[in-house]
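Peer 1:
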Ligand code: M6R
């Protein structure tokens with residue numbers, strides 16, 4: 001899950017590559033590097049750590065003037081983060097950058113070493129450089145060399161490559177990892193993701209599996225399997241994201257900006273889908289659901305938590321059995337998929353390796369696969385039978401916020417659409433749910449007033465030196481707790497666990513001692529009293545309880561220490577309302593603990609390795 005960029009044109013390549021890498025740093029930030037075509041050959045600079053280290057090295061190292069080159073930002077897989085393991089990697093006349101994993105690199109490396117090739121890094125990527133250089137030596141043709149080398153590689157890759165004796169061309173190839181080619185005037189670009197090219201061009205090609213792109217200043221050629229020129233068959237797409245949307249817009253962190261964007265992103269996900277009324281809901285996207293008897297929701301991390309919330313709503317309103325799986329478990333557990341089943345893959349990026357593998361497994365078993373995805377044209381979006389886009393816009397912070405709430409909103413619309421189709425909901429209740437969804441942008445905006453934000457910040461300030469925190473809730477509130485807990489630990493490094501409130505006393509309550517914070521979520525009336533009993537149990541052991549509940553469910557003040565009051569809405573949508581304060585509380589906890597909010601340690605935005 002690295003980021004790659006490439007450029008060929010008339011401008012200073014180093015600046016363009018660095019700018020692209022800055023916008024891709026969310027994909028990994030263990031190291032960064034660039035290779036430039038200087039007058040005296042290829043110049044490479046690469047440095048362990050953040051992009052700023054590379055920038056400093058370039059300033060000190062006086063790089064040559066160059067108008068073509070490639071660049072990389074790394075999330076380490078094979079080989080520790082170090083200068084030597086950073087990309088680009090060079091072998092003979094070939095210099096390249098890679099996103100992905102070469103699974104058979106050990107055996108390839110052994111064969112290449114037997115041919116006398118010497119390796120300098122511990123990476124799998126260096127094998128690709130040697131292999132392509134070897135075939136380039138044999139054939140003298142870069143395209144043939146790339147094709148032959150890729151034929152030997154097992155695994156996933158998006159590659160950008162330059163050849164020291166071909167200064168007027170940059171090459172790219174892809175298998176299982178995202179790659180776009182930006183098309184400009186007199187200049188062309190390679191990138192793992194669209195934000196990296198947006199300030200230069202909006203026109204781009206998506207490179208598909210096994211395709212190779214050849215970029216010159218004057219144009220782009222794309223070759224398919226066997227070296228056939230398929231440029232004329234490729235569709236030139238136009239991005240409608242603006243550069244502004246991919247920037248921080250005045251907020252100190254992308255995460256805070258994205259938290260505040262939620263009223264807008266929810267409106268984009270929900271409002272257009274109601275344009276043809278309740279009876280038209282999701283019909284264009286899912287025309288026929290009549291044969292479906294069971295759903296399997298498969299995803300990772302927060303997307304899986306969205307799935308848990310979807311499960312509650314679909315089972316409750318549509319009375320359709322739903323199973324939720326972690327994608328990395330699903331793919332190796334030989335799941336039972338039979339006629340009448342459908343699989344839903346949820347993924348913000350649409351590129352998560354385990355989710356892609358789960359999708360392919362489900363397809364190979366012949367069941368319909370629907371995808372709930374943010375990134376248009378991503379692998380999951382392209383390969384699913386049906387796609388429900390969440391339309392959240394670019395999400396840059398590693399911790400997902402607006403994509404999560406939009407995923408849940410889409411699942412709730414799906415629950416409503418299925419309930420109507422199956423006749424498991426009265427007209428009146430369906431209308432109430434529809435109204436609650438339509439009002440959701442406004443309800444969420446009410447959780448983000450200055451006054452409320454100040455309160456989340458005040459409560460978070462107590463976490464500066466705390467070690468543990470527990471979340472408790474029942475039913476849909478348990479799923480809400482899972483997301484609140486993940487958000488907190490991934491960005492603030494504070495240990496936290498989410499517990500089904502009734503389960504705590506089966507062991508974990510032994511960890512609750514004087515002053516331990518416990519966040520209790522109550523958005524469901526039916527289980528409110530039961531959760532209040534559990535709150536009393538932890539308070540009796542000295543816990544400091546923060547109650548998160550809608551006004552009408554706030555219990556007597558002697559059963560909590562602090563309260564986050566949620567605006568009142570139908571309990572159907574309350575988890576979306578409730579998660580926003582939890583996201584903001586996690587954000588301010590990370591800030592008060594001095595953490596790098598947008599780029600938490602060891603994590604990457606898009607997990608394209610299993
Ligand atoms: O792109 P995806 O939605 O497939 O990503 C899934 C998870 O990696 C992601 O939700 C992860 O858990 C986030 N860091 C949570 O904030």
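Residue numbers (the working numbering): 1 to 610. Just so you know, even glycine gets a beta-carbon here, dropped at the ideal spot from N, CA and C. Note that the structure is a prediction, hence the values are computed from the model and not measured.
Nearer than 7 Å: is that true of the beta carbon of residue 352 relative to any heavy atom of the ligand M6R?
Peer 2: Taking the first residue of the chain shown as 1, we reach residue 352 at position 352. Because some heavy atom of the ligand M6R lies under 7 Å away, the Cβ of residue 352 counts as near it: yes.
Peer 1: Starting from residue 90, follow its DSSP beta bridges and name the residues at the other end.
Peer 2: In the chain shown, counting from the first residue as 1, residue 90 sits at position 90. Beta-bridge pairing links residue 90 to 95.
Peer 1: What do you reckon, is the C-beta of residue 408 under 7 Å from a heavy atom of the ligand M6R?
Peer 2: Here residue 408 corresponds to residue number 408 of the chain shown, with the count starting at 1. Answer for residue 408: no, Cβ out of range of the ligand M6R.
Peer 1: Where residue 494 and residue 79 are concerned, what is the direct C-alpha to C-alpha distance, given to the nearest angstrom?
Peer 2: Counting from 1 along the chain shown, the entry for residue 494 is found at position 494. Counting from 1 along the chain shown, the entry for residue 79 is found at position 79. Approximately 28 Å, taken between the alpha carbons.
Peer 1: Find the nearest neighbour of residue 506 within the set 527, 517, 534, judged by alpha-carbon distance.
Peer 2: For the purposes of this step, residue 506 is taken as the residue at position 506 of the chain shown. Comparing Cα-Cα distances from residue 506 to each of 527, 517, 534, the minimum goes to 534.
Peer 1: Going by C-alpha to C-alpha distance, which of 132, 70, 73 sits closest to residue 93?
Peer 2: Along the chain shown, one-based indexing puts residue 93 at 93. Among 132, 70, 73, the Cα nearest to that of residue 93 belongs to 132.
Peer 1: Measure the C-alpha to C-alpha separation of residue 465 and residue 488 and round it to an integer number of angstroms.
Peer 2: Numbered from its first residue, the chain shown carries residue 465 at position 465. Numbered from its first residue, the chain shown carries residue 488 at position 488. Going by the C-alpha atoms only, they are around 14 Å apart.
Peer 1: Any idea what DSSP makes of residue 603, helix, strand or coil?
Peer 2: Position 603 of the chain shown, counting from 1, holds the residue named residue 603. It is coil, neither helix nor strand.
Peer 1: From what residue to what residue does the alpha helix (DSSP H) around residue 459 run?
Peer 2: On the chain shown, residue 459 is found 459 positions in, with the first residue counted as 1. First-last of the alpha helix (DSSP H) with residue 459: 450-461.
Peer 1: Just the Cα atoms here: how many angstroms apart are residue 358 and residue 451?
Peer 2: Position 358 of the chain shown, counted from the start, is the residue given in the question as residue 358. Position 451 of the chain shown, counted from the start, is the residue given in the question as residue 451. So the alpha carbons of these two residues sit roughly 43 Å apart.
Peer 1: Report whether the distance from the Cβ of residue 45 to the nearest heavy atom of the ligand M6R is below 7 Å.
Peer 2: For the purposes of this step, residue 45 is taken as residue 45 along the chain shown, with counting starting at 1. No, since every heavy atom of the ligand M6R falls outside the 7 Å radius drawn around the Cβ of residue 45.
Peer 1: For residue 464, verify whether its CB is less than 7 Å away from any heavy atom of the ligand M6R.
Peer 2: Residue 464 sits at position 464 when you count from the first residue of the chain shown. No.
Peer 1: With a threshold of 6 Å on Cβ separation, who are the neighbours of residue 178 within its own chain once the five nearest residues in sequence on each side are excluded?
Peer 2: Within the chain shown, the letter at position 178 stands for residue 178. Cβ within range, chain order: 192, 351.
Peer 1: So, with DSSP's three-state summary, where would you put residue 470?
Peer 2: By one-based count along the chain shown, residue 470 stands at place 470. The answer is strand: DSSP assigns residue 470 an E or B state.
Peer 1: Would you mind working out which of 5, 103, 82 sits nearest residue 686, comparing C-alpha positions?
Peer 2: The structure shown has nothing for residue 686, since the chain only spans 1 to 610.
Peer 1: With DSSP run on the structure shown, which of helix, strand or coil describes residue 521?
Peer 2: For the purposes of this step, residue 521 is identified with residue 521 of the chain shown, where counting begins at 1. Correct three-state label for residue 521: strand.
Peer 1: Starting from residue 74, follow its DSSP beta bridges and name the residues at the other end.
Peer 2: Taking the first residue of the chain shown as position 1, residue 74 is located at position 74. 31, per the DSSP bridge assignment.
Peer 1: With respect to 7 Å, is the separation between the Cβ of residue 486 and the closest non-hydrogen atom of the ligand M6R below this value?
Peer 2: Position 486 of the chain shown, counting from 1, holds the residue named residue 486. Answer for residue 486: yes, Cβ within range of the ligand M6R.
Peer 1: Using 7 Å as the cut-off, classify the Cβ of residue 300 as near or not near the heavy atoms of the ligand M6R, replying yes or no.
Peer 2: To locate residue 300, count along the chain shown from 1; it is residue 300. Because some heavy atom of the ligand M6R lies under 7 Å away, the Cβ of residue 300 counts as near it: yes.
Peer 1: Say the cut is 7 Å; is the CB of residue 348 nearer than that to a heavy atom of the ligand M6R?
Peer 2: As a first step, residue 348 must be located in the chain shown, where it is residue number 348. At least one heavy atom of the ligand M6R is nearer than 7 Å to the Cβ of residue 348, so yes.
Peer 1: Use the C-beta contact count for residue 257: other C-beta atoms within 10 angstroms, 16 or more gives buried, fewer gives exposed.
Peer 2: As a first step, residue 257 is located in the chain shown; it is residue number 257 there, counting from the start. Buried, by the Cβ-count rule.
Peer 1: Considering only the alpha carbon of each residue, which of 499, 50, 526 lies closest to residue 482?
Peer 2: Start at 1 with the first residue of the chain shown, and residue 482 comes out as number 482. Nearest option by C-alpha distance: 499.
Peer 1: Counting pairs of Cβ atoms below 8 Å between the stretch 419-438 and the stretch 316-330, do you hit three or more?
Peer 2: The stretch 419-438, when compared against the stretch 316-330, does touch it at the 8 Å Cβ threshold.
Peer 1: Buried or exposed: which applies to residue 252, given that a residue is buried once 16 or more other Cβ atoms fall within 10 Å of its Cβ?
Peer 2: Position 252 of the chain shown, counted from the start, is the residue given in the question as residue 252. So residue 252 counts as exposed.
Peer 1: For the alpha helix (DSSP H) containing residue 579, list its first residue and its last residue.
Peer 2: For the purposes of this step, residue 579 is identified with residue 579 of the chain shown, where counting begins at 1. From DSSP, the alpha helix (DSSP H) with residue 579 extends over 574-592.
Peer 1: Taking Cβ positions, are residue 475 and residue 519 nearer each other than 8 Å?
Peer 2: As a first step, residue 475 is located in the chain shown; it is residue number 475 there, counting from the start. As a first step, residue 519 is located in the chain shown; it is residue number 519 there, counting from the start. No, they are not a contact pair.
Peer 1: Alpha carbons only, please: which of 310, 115, 530 is nearest the one belonging to residue 631?
Peer 2: Any answer about residue 631 is impossible in this case: the structure gives the chain only from 1 up to 610.
Peer 1: Run the CB neighbour count on residue 135, radius 10 Å, all protein chains shown included, and call it buried at 16 or more, exposed below.
Peer 2: As a first step, residue 135 is located in the chain shown; it is residue number 135 there, counting from the start. Flag for residue 135 reads buried.
Peer 1: How would you call residue 428, buried or exposed, if buried means at least 16 neighbouring beta carbons within 10 angstroms?
Peer 2: Along the chain shown, read from residue 1 onward, the residue named residue 428 stands at position 428. Exposed.
Peer 1: Can residue 653 and residue 553 be called in contact, C-beta distance under 8 Å?
Peer 2: The structure shown has nothing for residue 653, since the chain only spans 1 to 610.
Peer 1: Beta-carbon within less than 6 Å of residue 53's beta-carbon, same chain only, minus the 5 sequence neighbours each way: which residues are those?
Peer 2: By one-based count along the chain shown, residue 53 stands at place 53. If we look at residue 53 and ignore the five residues flanking it on each side, its Cβ neighbours are 47.
Peer 1: Rounded to a whole number of angstroms, what is the C-alpha to C-alpha distance between residue 290 and residue 340?
Peer 2: What you label residue 290 is simply residue 290 of the chain shown in a count that begins at 1. What you label residue 340 is simply residue 340 of the chain shown in a count that begins at 1. For residue 290 and residue 340, the distance between alpha carbons rounds to 9 Å.
Peer 1: Hey, would you say residue 66 sits closer than 8 Å to residue 32, going by beta carbons?
Peer 2: Counted from its first residue, the chain shown places residue 66 at position 66. Counted from its first residue, the chain shown places residue 32 at position 32. No. Outside cutoff.
Peer 1: Look at the alpha carbon of residue 580 and the alpha carbon of residue 184, and state the distance between them as a whole number of angstroms.
Peer 2: Taking the chain shown and counting its residues from 1, one reaches residue 580 at position 580. Taking the chain shown and counting its residues from 1, one reaches residue 184 at position 184. Spanning the two alpha carbons is a distance of roughly 40 Å.
Peer 1: On the premise that residue 172 lies in contact with residue 181, defined as a C-beta separation below 8 Å, what is that separation, rounded to the nearest angstrom?
Peer 2: Translated into the one-based positions of the chain shown, residue 181 becomes position 181. Translated into the one-based positions of the chain shown, residue 172 becomes position 172. Indeed, because the Cβ distance is near 7 Å, the residues count as touching under 8 Å.
Peer 1: Counting along the chain, where does the beta strand (DSSP E) carrying residue 163 start and finish?
Peer 2: For the purposes of this step, residue 163 is taken as residue 163 along the chain shown, with counting starting at 1. Note, residue 163: beta strand (DSSP E), 155-163.
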